[in-house]
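>
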Amino acid sequence: NNDGINDFFKIDCIEFYADNKLDIYNRYGALVYKTAGYQNTWDGTANVDGVVRRNEKLPVGTYYYVLEVDGRAKTGWVFIMR
Numbered sequence: 315n316n317d318g319i320n321d322f323f324k325i326d327c328i329e330f331y332a333d334n335k336l337d338i339y340n341r342y343g344a345l346v347y348k349t350a351g352y353q354n355t356w357d358g359t360a361n362v363d364g365v366v367r368r369n370e371k372l373p374v375g376t377y378y379y380v381l382e383v384d385g386r387a388k389t390g391w392v393f394i395m396r
C-alpha cells in the first residue's frame with residue numbers, strides 16, 4: 315500500500331546468504347514469483363506468467379514460499395494486504 319511499512323517481503327539476514335532461491339506460490343499451488351539471489355525486494359508483484367500476468371500486482375491473500383539456502387529448504391507463508 316506504499317506507506318513505507320511492510321511494503322516488501324523481508325527475510326532477516328538474507329544478505330548473508332547471497333546464493334539463495336525463493337519461489338512463491340498462490341493458494342492453489344501456482345508459481346507466481348521466482349528468483350535467485352533474493353534481496354528483500356518482492357513487493358507482491360508476479361514475475362512469471364500464469365494466474366496473473368508478469369509485472370502485475372497479486373491480489374490480496376495468503377501466499378506460500380519455499381526459500382532454499384545452502385541446499386536446505388525453509389517454507390512459510392506471507393499475507394498480502396493492500
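One point on numbering: in our numbering, the residue at position 52 of the sequence shown is 366, and numbering is uninterrupted. Think of the CB as a built atom: it goes at the ideal place given N, C-alpha and C, for glycine as much as any other residue.
Any contact of the segment 360-370 with the segment 318-329, i.e. 3+ C-beta pairs under 8 Å?
The answer is no - the segment 318-329 does not touch the segment 360-370, with fewer than three Cβ pairs under 8 Å.
> List the whole-angstrom C-beta distance separating L381 from I325, where the pair is believed to meet the contact cut-off of C-beta under 8 Å.
Contact holds; Cβ gap of about 7 Å.
> Can you give the beta carbon distance from Y379 to D337, rounded, assuming they're within the 8 Å contact cut?
Indeed they touch by this definition, with Cβ atoms about 7 Å apart.
> Specify, as a first and last residue, the run of the beta strand (DSSP E) that L345 falls within.
It spans 345-350 - the beta strand (DSSP E) in which L345 sits, taken as one unbroken run.
> If you follow the beta strand (DSSP E) that I338 is part of, which residue opens it and which one closes it?
Segment 334-339, the beta strand (DSSP E) holding I338.
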